[in-house]
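Novice: Please see the structure below; I have some questions.
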Amino acid sequence: MMDNSFAMNDGISEIRRSCCLELRKIADIRSYLSVEATNKLVCAFVTSKLDYCNSLVTGISESEIAKLQQVQNNAAKLVYGKKRSGRATPLLKELHWLPVRQRIECGAASIVFQCLSLPNCPTCLSAVFAPYTPTRTLGSEGRNLLAKPGAGLETCGDRAFAFRGPDVWNRLPLSVQQSEPLSGFESVLKTCLFKN
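Using this note's numbering, the first residue of the sequence shown is number 1, and each one after it goes up by one.
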């Protein structure tokens with residue numbers, strides 16, 4: 001799944017190929033299905049593949065994100081029986097689907113939330129995240145921020161989850177960070193991401 005530069009291009013290509021194959025299968029029977037049934041099939045066979053282990057790809061390039069976004073756009077068009085040349089953004093909003101970039105951030109933020117708030121979280125995960133303590137009095141003092149470790153290599157270190165997790169977490173509003181329990185957090189997070 002990973003290549004020499006940890007860019008995961010091969011993995012993204014495999015996910016894309018697999019999703020396109022599923023979309024073709026669903027398209028073959030689309031005329032016999034309602035919008036709701038098509039949506040369920042697409043969620044089961046396509047969006048589940050886009051979401052699987054998506055926090056591993058938090059640092060991939062925008063060109064790779066665009067490839068996955070194209071798959072999601074085609075899936076939304078298939079659900080509503082629209083032409084492939086049409087706009088997908090209104091369809092994504094109507095389906096309440098976050099764009100791929102935001103889905104990745106949502107998955108990463110959920111993992112960070114679980115690491116910080118659940119008592120039975122494995123220590124190997126929870127030890128990765130440390131609270132940010134400023135050396136002097138700053139306005140960000142009560143913001144519930146996480147310290148970002150050094151990125152190491154510019155090509156790979158900044159893609160590590162230990163680096164990307166705090167980055168995603170620190171960009172969340174305080175109201176989202178303080179949501180309880182996990183289901184409430186994910187609901188508030190998704191609403192926040194939809195507004196942006």
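Where a beta carbon is used, it is the ideal one built from N, C-alpha and C, also for glycine. All values reported here derive from a predicted model rather than from experimental measurement.
With H, G and I counted as helix, E and B as strand and the rest as coil, what does DSSP make of P90?
Specialist: DSSP places P90 in helix when its eight states are reduced to three.
Novice: Pick out whichever of R101, I111, Q72 and C106 has its Cα sitting closest to the Cα of L95.
Specialist: When each option's Cα is compared against that of L95, the closest is Q72.
Novice: Cα separation between A162 and L33?
Specialist: Approximately 43 Å between the Cα atoms of the pair.
Novice: Verify whether the separation of the beta carbon atoms of R164 and G11 is less than 8 Å.
Specialist: Cβ distance not < 8 Å, so R164 and G11 don't count as in contact.
Novice: Could you spell out where the alpha helix (DSSP H) holding F163 opens and where it closes?
Specialist: Start and end: F161 to N170.
Novice: At what residues does the alpha helix (DSSP H) containing E62 begin and finish?
Specialist: Taken as a continuous stretch (DSSP letters only), the alpha helix (DSSP H) holding E62 covers E62 to Y80.
Novice: On the DSSP letters alone, give me the boundaries of the alpha helix (DSSP H) that K25 sits inside.
Specialist: Residues N9 to I29.
Novice: Does L125 come out as helix, strand or coil in the three-state DSSP assignment?
Specialist: If DSSP states are grouped into helix, strand and coil, L125 belongs with the helices.
Novice: Could you check whether K77 and A66 sit closer than 8 Å to each other, using their CB atoms as the reference points?
Specialist: No, the Cβ-Cβ distance between A66 and K77 is not below 8 Å.
Novice: Report buried or exposed for F194, applying the criterion of at least 16 other Cβ atoms within 10 angstroms of its Cβ.
Specialist: Per the 10 Å Cβ criterion, exposed.
Novice: Mark R24 as exposed unless 16 or more other C-beta atoms lie within 10 angstroms of its C-beta, in which case mark it buried.
Specialist: Answer is exposed; the Cβ neighbour count stays below 16.
Novice: Measuring only the C-alpha atoms, how far is I104 from R136?
Specialist: Using only the alpha carbons, I get a separation of about 33 Å.
Novice: Where do the N-terminal and C-terminal ends of the alpha helix (DSSP H) with F194 fall, by residue?
Specialist: Taken as a continuous stretch (DSSP letters only), the alpha helix (DSSP H) holding F194 covers L182 to K195.
Novice: Looking at L172 and A109, is the spacing between their C-beta atoms short of 8 Å?
Specialist: Cβ atoms of A109 and L172: closer than 8 Å.
Novice: Using only CA atoms, which one of S183, K82, L68 and V79 lies nearest to L118?
Specialist: If we check each option's Cα against that of L118, S183 comes out closest.
Novice: With a cut-off of 8 Å on the beta carbons, I'd call I15 and L50 a contact; round off their distance for me.
Specialist: Their Cβ separation, rounded to whole angstroms, is 7 Å, which keeps I15 and L50 in contact under 8 Å.
Novice: Does the Cβ of C177 have 16 or more other Cβ atoms within 10 Å, making it buried, or fewer, making it exposed?
Specialist: Per the sequence shown, the amino acid found at residue 177 is Gln instead of Cys. Looking at its Cβ environment, which holds 16 or more other Cβ atoms inside 10 Å, Q177 is buried.
Novice: Helix, strand or coil for L56 per DSSP?
Specialist: In this structure, L56 counts as helix in the three-state DSSP scheme.
Novice: Helix, strand or coil: how does DSSP classify L98 here?
Specialist: It is coil, neither helix nor strand.
Novice: Within its chain, find whatever has a CB closer than 7 Å to the CB of I101; leave out the 5 residues flanking it on each side and keep chain order.
Specialist: A small correction: the amino acid at residue 101 is Arg; Ile does not occupy that position in the sequence shown. Counting only Cβ-Cβ distances below 7 Å, and skipping sequence neighbours, we find I65.
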